[in-house]
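Enquirer: I'd like to ask you about the structure that follows.
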Amino acid sequence: MSVVERALGAGLERIDGPLKVTGAARYAYEYPAENVAYGYLIGSTIAKGRIASVDSSAARALPGVIDIVTHESAPRLADVSDAALAVLQSADVAYHGQIVGIVVAQTLEISRHAASLCVFTYAEEKHDVELRVDRPDLYKPDKVNPDFPTDSAQGNFERAFASAAHAIDVTYTTPHEHNNPLEPHATLAAWEDDGAGVTLYDANQGPHGIRDDVAKAFGLAAERVRIIAPYVGGGFGSKAFTHPHVIATAMAAKVAARPVKIALTRQQMFALVGHRTPTIQRLRLAADRAGNLSAIGHDVVEATSTIEEFAEQTAVATRMMYTAPNRRTTHRLARLDVPSPSIMRAPGEAPGMFALESAIDEIAEACGIDPVEFRIRNEPALDPESGLPFSSRNLVACLRRGAERFGWTAREPGARGRTPGRRRAGYGVAASTYPARTRPSTARIELDEAGGYRVLLDASDIGTGAWTALWQLSAEALGVSLERVHVEIGDSALPKAPGAGGSMGLSSWGSAIYDAAQKLRAELERHGGRVPSTGLRVEGSVDGNVQAKDFARHAFGAQFAEVSVDLDTGEVRVPRLCGVFAAGRIVNPRTARSQLLGGMTMGLSMALHEETVLDARFGHFANHDFAEYHIAVNADVGEIDVAWIDEVDVHVNPFGAKGVGEIGIVGTAAAIANAVYDATGIRIRDLPIRPEKLLV
Amino acid sequence: MNPFRYERANDAAGAVAAHGAAAAAAYLGGGTNLVDLMKLRVARPETLVDVARLAHDRIDVLPSGGVRIGAAVKNSVLAADRTIRSQYPMLSGALLSGASGQLRNLATTGGNLLQRTRCTYFADVSKPCNKRDPGSGCPARTGYHRTLGIFGISESCIATHPSDMAVALAALDAIVRVRGASGEREIPLGDFYRLPGTEPQYDTVLEPADLIVAVDLPPNGFARSSLYRKARDRASYAFALVSVAAALEIEDGRVREVRLALGGVAPKPWRATAAEAALRGKPATEASFLEAAEAELAHARPLPDNAFKIALARNMIVRALCDLAEAA
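Chains A and B supply the protein sequences, listed in that same order.
Following this note's numbering, the numbering of the first sequence begins with 1372 at its first residue and continues without gaps.
Following this note's numbering, the numbering of the second sequence begins with 37 at its first residue and continues without gaps.
See the structure below:
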């Protein structure tokens, strides 16, 4: 143990960068396999009903076709308790695009052509896919994702709201959105000869979770299933859970008795790998003359599917953002004949904070108070609903620092709207927040005689920089130089760890690594500082949210936006965004900045571009490709200033870091919508902010 | 994608002959649209005749002072051409506002003219579409049509033509040179596209084996006073909600000549002839421009979700003409 470098906090380049830019890093579909066959999925063209008949004779006659699996021929799965994964187990169709067949052929081209020759007829039933606030069948789920109470209430909301000096009662809506990582979901499945084990190279955000689902579906011992995913081309939540194509690929490989690869097409991704639910959010805020909030109400209506319940935690952030004695939040769901909504980057916070932070702008204006000052005025000393102290809460510092960096004080409300010319500029602000949680994780560290450390755990890097951050954390925890540390992640054969999600990765994995490192150092000491010839090997772990009972733990941020609106076309441009965050210790400023920058860019995209159009007549997503589902391109993104304040939160984990995967997207859309209001006087309460909404 | 034969022709005559001899043949230019449609099984040619490598890849100044653009000239090459940039800036601007750098590097002049609509129902073979499957119906009319047409549409089809380049060519009075079974002929761009009527499956007046060999530009490119503007859902890489190709010549404060074509509003690049007629000889003022825009837009037949295109087109026409008048 000689040289100790300060690895934590160094802006290192990604250790996986050279592998990726040279193409050496293998992604799921790229793995070679002997005798591999190519699968192609067939999706239903109805949203509800039953398959009446299948004619695959023409497809089977095609040279090169190995097999065609439908509900008539599919092997029975050992467990179908998860209806979303019960692939080809019945003739029932529960959503448009559901897998109804798998073609396996010698080439992808033959497979795809054969798929088009399979003729499915359906006994179609009337489907119902429309989310409306007046549906009589809205219901209250038992909890919202992942385990929050569905509703909350404090004080007497109705009375406080009715008697307030200033009050707003407004409804915001957000559309269906799709995660759309650049790498399509892909799986290569290879069974062992005895059929008792299977290996999957799979694009996912957490191999252990996939492993358990595959083992359950096929009745295998968990240790006979191996999921390998060292490099993943983005996920944004859509690769967190097991989706039906994974089961379909394993099934196809079993039936064909040879390795099979399947990659989803972009169009198929719109039906098969989750999406963000649309939301209808009623915000009621009341304040006294001095601008102190007296009542906060946030009532959410959103969608789930008939085969699975996903209840987005849309109003949960509202429970802890601002102080007010009287408060309520509710979530109600409609069960629709749609693919299951799922998690998409900052599920809950992203749409929920669009509504809350827009509404705060509205009530601040009603009170005649600057929106930065209004937020500071309503800053709570303790978590308003739990009464717990915050482990750290630096929203005010973020607002003040951001206002300074952005030049907020130069703003004259409404003045920009009167500037001459055919463009109008406007400024907007919004707060960001995201919980700082930790999930149970394990990690192993091995030390060899030569002094080399191997840090092993099934963590995931979906493009976030986790490979590099964990390398730095490991060196820091071990108190050794980076060169002596080698990290292995992305394989279910490694010690169990949670997936990349909920901005919990770094905290969970890092805590387990710290625990292991501490044990290893103790072990080394026990050996008098000398590594025995057999080496040393320790297991570390973390239990999860051990301090959750003592503290409310969240990251915070403030985002500022400048927009420029073309009065003739209604087109909105965003020349400037500024985000200042308080997210605990920053492990790697370079990759952290990328995460925050990417989140804010996605927030801009949410504000101006993203919307999946559900055609109620067919029950399908009509704009299911990148020509029609618009995501911000480089030309849409102006200057983005990313900064953070120094914050080390000793209550979240041993290294004081909160995670930056999601907070960047939270609040951006509200900051932009508020800036559009400042520029035009038009309050956009339904996303995205399309040109037609600003044309007068 | 269906299996297909691939043939490469040595010259235009050979290409036309190869096309004529094969059943269900299609010419392949850059493939940026056709290959996508083949993957989706919207297009199912049995033979592809590759014409991207034919010798029609030159941009020549004609004795008349006009310019001949070979059909195989890539969009990026055309946009960057010195003569086009200086003499026909509207065309260069239109090209650069379309697609992406990568697509423009592949897409050809002929292929650009023959793009199919981006209506989502057209691109989805599991849904009805009169353009793709005549008689099956038009779900767009009562469905997702925010981006679709307000001019020249019919009960059977409300598709829009996606090209930016063609809008500038319409304003410039370009001529499409076509080689068919019986030799070469000229088709003014204004007559090149068909309106859907009851037969939306036919986008143009071309016969099946007709091959575009060149596009001719007349001498007047309105270099001093023209522009191309495009409103869209994002700053780049999106089809037009509405685009405007405009040229204006003013003499003694009055409009001597005006060219106005709109994109994103019709099954073809929409030459705003009513607006042009209303403007010629009128004072070059904002009031005239607005009147002219409204004369054109009086013929629009919007649907609920694309009615905004009327205000958008009006604003863009007026602004374009005001800016041109101001610069004059």
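From the three backbone atoms N, C-alpha and C, an ideal C-beta is built for every residue, glycine too.
Measure the alpha-carbon distance for A/Leu1895 versus A/Arg1377 and round it to whole angstroms.
Expert: For the purposes of this step, residue 1895 of chain A is taken as residue 524 along the first sequence, with counting starting at 1. For the purposes of this step, residue 1377 of chain A is taken as residue 6 along the first sequence, with counting starting at 1. Straight-line Cα distance between these residues: approximately 21 Å.
Enquirer: Say whether chain B places a C-beta atom closer than 8 Å to the C-beta of A/Phe1607.
Expert: One-based indexing of the first sequence puts residue 1607 of chain A at position 236. A/Phe1607 does not count as touching chain B.
Enquirer: For B/Leu231, write down the residues that DSSP places opposite it in a beta bridge.
Expert: Reading the second sequence from its first residue, position 195 is the one you call residue 231 of chain B. Note: B/Leu231 sits in no beta bridge, so no partner.
Enquirer: Do A/Ala1932 and A/Gly1799 have their beta-carbon atoms positioned less than 8 Å apart in this structure?
Expert: Within the first sequence, numbered from 1, the residue matching residue 1799 of chain A stands at position 428. Within the first sequence, numbered from 1, the residue matching residue 1932 of chain A stands at position 561. It is a contact, given that the beta carbons lie within the stated cut-off.
Enquirer: Give me the Cβ distance between A/Arg1956 and A/Val2019, rounded to the nearest whole Å; I'm assuming they're in contact under 8 Å.
Expert: Indexing the first sequence from 1 puts residue 1956 of chain A at position 585. Indexing the first sequence from 1 puts residue 2019 of chain A at position 648. Right, the Cβ-Cβ distance comes to about 5 Å (below 8 Å), so this counts as a contact.
Enquirer: Apply the 10 Å Cβ neighbour rule to A/Val1374 and answer buried if 16 or more other Cβ atoms are within range, or exposed otherwise.
Expert: Along the first sequence, read from residue 1 onward, the residue named residue 1374 of chain A stands at position 3. For A/Val1374, the pLDDT reaches just 40, beneath the cut-off of 50, and the residue's location in the model is therefore unreliable, although a value from the coordinates is still provided. It counts as exposed.
Enquirer: Do you know offhand how far A/Ile1413's Cα is from A/Asp1450's?
Expert: Along the first sequence, read from residue 1 onward, the residue named residue 1413 of chain A stands at position 42. Along the first sequence, read from residue 1 onward, the residue named residue 1450 of chain A stands at position 79. Approximately 22 Å between the Cα atoms of the pair.
Enquirer: So, with DSSP's three-state summary, where would you put A/Ser1878?
Expert: Locating residue 1878 of chain A in the first sequence gives position 507, where the first residue counts as 1. Note: A/Ser1878 maps to helix in three-state DSSP.
Enquirer: The beta strand (DSSP E) that contains A/Gln1930, what's its start and end?
Expert: In the first sequence, the residue the question calls residue 1930 of chain A occupies position 559. His1925 to Asp1937 is the extent of the beta strand (DSSP E) around A/Gln1930.
Enquirer: Given this structure, state the Cα-to-Cα distance separating B/Pro338 from A/Gln1469, to the nearest angstrom.
Expert: Within the second sequence, the letter at position 302 stands for residue 338 of chain B. Within the first sequence, the letter at position 98 stands for residue 1469 of chain A. The alpha-carbon atoms of B/Pro338 and A/Gln1469 are separated by roughly 35 Å.
Enquirer: Write down every uninterrupted run of the alpha helix (DSSP H) in the segment 1830-1866 of chain A whose length is 4 residues or greater and which is fully enclosed by it, in chain order.
Expert: Within the segment 1830-1866 of chain A, the complete alpha helix (DSSP H) runs of at least 4 residues are 1837-1849.
Enquirer: Please state whether the Cβ-Cβ distance between A/Gln1576 and A/Ala2050 is less than 8 Å.
Expert: Reading the first sequence from its first residue, position 205 is the one you call residue 1576 of chain A. Reading the first sequence from its first residue, position 679 is the one you call residue 2050 of chain A. Cβ atoms of A/Gln1576 and A/Ala2050: not closer than 8 Å.
Enquirer: Using alpha carbons as the reference points, say which of B/Arg121, B/Ala61, B/Gly146 and B/Ala130 lies closest to B/Thr68.
Expert: Along the second sequence, one-based indexing puts residue 68 of chain B at 32. Considering only alpha carbons, the answer is B/Gly146.
Enquirer: To the nearest angstrom, how far is it from the Cα of A/Met1691 to the Cα of A/Val2013?
Expert: Taking the first residue of the first sequence as position 1, residue 1691 of chain A is located at position 320. Taking the first residue of the first sequence as position 1, residue 2013 of chain A is located at position 642. If I take the Cα positions, the gap works out to 24 Å.
Enquirer: Along the chain, where does the beta strand (DSSP E) that runs through A/Cys1949 open and close?
Expert: Sequence index remark: in the first sequence, residue 1949 of chain A carries index 578 (1-based). Looking at the DSSP string, the run of the beta strand (DSSP E) that includes A/Cys1949 is Val1943 to Ala1953.
Enquirer: Tell me which residues share the same chain as A/Lys1587 and place their Cβ nearer than 6 Å to its Cβ, disregarding the 5 neighbours each side in the sequence.
Expert: Locating residue 1587 of chain A in the first sequence gives position 216, counting from the first residue. Correct list, in chain order: Asp1450.
Enquirer: Within 8 Å of any Cβ in chain A, is that where the Cβ of B/Arg355 sits?
Expert: Here residue 355 of chain B refers to the residue found at position 319 of the second sequence. It does: the Cβ of B/Arg355 has a partner Cβ on chain A nearer than 8 Å.
Enquirer: Is any beta-carbon of chain A found at less than 8 Å from that of B/Phe158?
Expert: The residue given as residue 158 of chain B occupies position 122 in the second sequence. Not closer than 8 Å to any Cβ of chain A, the Cβ of B/Phe158 fails to qualify, so no.
Enquirer: Among A/Ala1628, A/Arg1597 and A/Glu1736, whose alpha-carbon lies nearest the alpha-carbon of A/Ala1658?
Expert: As a position in the first sequence, residue 1658 of chain A is number 287, starting the count at 1. That would be A/Glu1736, whose Cα lies nearest to the Cα of A/Ala1658.
Enquirer: Could you tell me the boundaries of the beta strand (DSSP E) in which A/Lys1632 lies?
Expert: Taking the first sequence and counting its residues from 1, one reaches residue 1632 of chain A at position 261. It spans Val1631 to Ala1634 - the beta strand (DSSP E) in which A/Lys1632 sits, taken as one unbroken run.
Enquirer: Secondary structure at A/His1702, three-state DSSP: helix, strand or coil?
Expert: For the purposes of this step, residue 1702 of chain A is taken as the residue at position 331 of the first sequence. Here A/His1702 sits in strand by DSSP.
Enquirer: Does the Cβ of A/Arg1793 have 16 or more other Cβ atoms within 10 Å, making it buried, or fewer, making it exposed?
Expert: The residue labelled residue 1793 of chain A in the question sits at position 422 within the first sequence. Exposed.
Enquirer: If we count the other Cβ atoms within 10 Å of its Cβ and call it buried at 16 or more, is B/Gln138 buried or exposed?
Expert: Within the second sequence, numbered from 1, the residue matching residue 138 of chain B stands at position 102. B/Gln138 is exposed by the Cβ-count criterion.
Enquirer: Taking DSSP as the reference, what is the three-state secondary structure of A/Pro1806?
Expert: Your numbering for residue 1806 of chain A matches position 435 in the first sequence. Reduced to three states, the DSSP call for A/Pro1806 is strand.
Enquirer: What does the alpha-carbon distance come out to for the pair A/His2022 and A/Glu1405?
Expert: Here residue 2022 of chain A is taken as the residue at index 651 of the first sequence, counted from 1. Here residue 1405 of chain A is taken as the residue at index 34 of the first sequence, counted from 1. Answer to the nearest angstrom: the Cα atoms are 50 Å apart.
Enquirer: Who are the Cβ neighbours of B/Gly188 in its own chain at under 8 Å, not counting the five residues just before and after it?
Expert: On the second sequence, position 152 is the one that residue 188 of chain B refers to. Result list for B/Gly188: Leu231, Pro232, Ala302, Pro303, Lys304 and Trp306, in chain order.
Enquirer: Indicate whether B/Asn352 and A/Asp1754 have their beta-carbon atoms separated by less than 8 Å.
Expert: As a working note, residue 352 of chain B is residue 316 in the second sequence. As a working note, residue 1754 of chain A is residue 383 in the first sequence. A quick correction: the sequence has Met, not Asn, at residue 352 of chain B. Against a cut-off of 8 Å, the Cβ pair of A/Asp1754 and B/Met352 comes out as no contact.
Enquirer: For A/Pro1946, which residues in the same chain have their Cβ closer than 7 Å to its Cβ, ignoring the five residues on either side in sequence?
Expert: Working through the first sequence from its first residue, we reach residue 1946 of chain A at position 575. Taken in chain order, the residues that qualify are Glu1933, Ser1935, Gly2009 and Glu2010.
Enquirer: Since A/Asn1944 meets chain B, which of its residues come closer than 8 Å, beta carbon to beta carbon?
Expert: If you number the first sequence from 1, residue 1944 of chain A lands on position 573. Strictly speaking, residue 1944 of chain A in this sequence is Arg, with Asn absent from that position. In chain order: Ala271.
Enquirer: Along the chain, which unbroken stretches of the beta strand (DSSP E) at least 3 residues long are found entirely within the segment 284-335 of chain B?
Expert: Listed in chain order, the complete beta strand (DSSP E) runs (minimum 3 residues) inside the segment 284-335 of chain B are 290-299.
Enquirer: Quick one: Cα of A/Met1372 to Cα of A/Gly1911, how far?
Expert: Position 1 of the first sequence, counting from 1, holds the residue named residue 1372 of chain A. Position 540 of the first sequence, counting from 1, holds the residue named residue 1911 of chain A. Residue confidence for A/Met1372 is low, a pLDDT of 33 falling below 50, so the modelled location carries little weight; the figure read from the coordinates is stated next. C-alpha separation (whole angstroms): 20 Å.
Enquirer: Quick check: is the beta carbon of A/Val1375 nearer than 8 Å to any beta carbon in chain B?
Expert: Here residue 1375 of chain A corresponds to residue number 4 of the first sequence, with the count starting at 1. Unreliable positioning characterises A/Val1375 in this predicted model, as indicated by a pLDDT of 37, which lies under 50. The coordinate reading is nonetheless provided below. For A/Val1375, the answer is no, since every Cβ of chain B falls outside 8 Å of its Cβ.
Enquirer: Does the distance between the C-beta of B/Phe228 and the nearest non-hydrogen atom of the ligand GTP fall short of 7 Å?
Expert: No copy of the ligand GTP occurs in the structure displayed, which carries no ligand at all.
Enquirer: Please report whether the beta-carbon of A/His1980 lies at a distance below 8 Å from any beta-carbon of chain B.
Expert: By one-based count along the first sequence, residue 1980 of chain A stands at place 609. A/His1980 counts as touching chain B.
Enquirer: By how many angstroms is the C-alpha of A/Tyr1466 removed from the C-alpha of A/Glu1679?
Expert: Your numbering for residue 1679 of chain A matches position 308 in the first sequence. Your numbering for residue 1466 of chain A matches position 95 in the first sequence. Taking the straight line from one Cα to the other gives about 12 Å.
Enquirer: Using a Cβ-Cβ distance under 8 Å, would A/Asn1994 count as near chain B?
Expert: Stepping through the first sequence from its first residue, residue 1994 of chain A is reached at position 623. So, interface residue.
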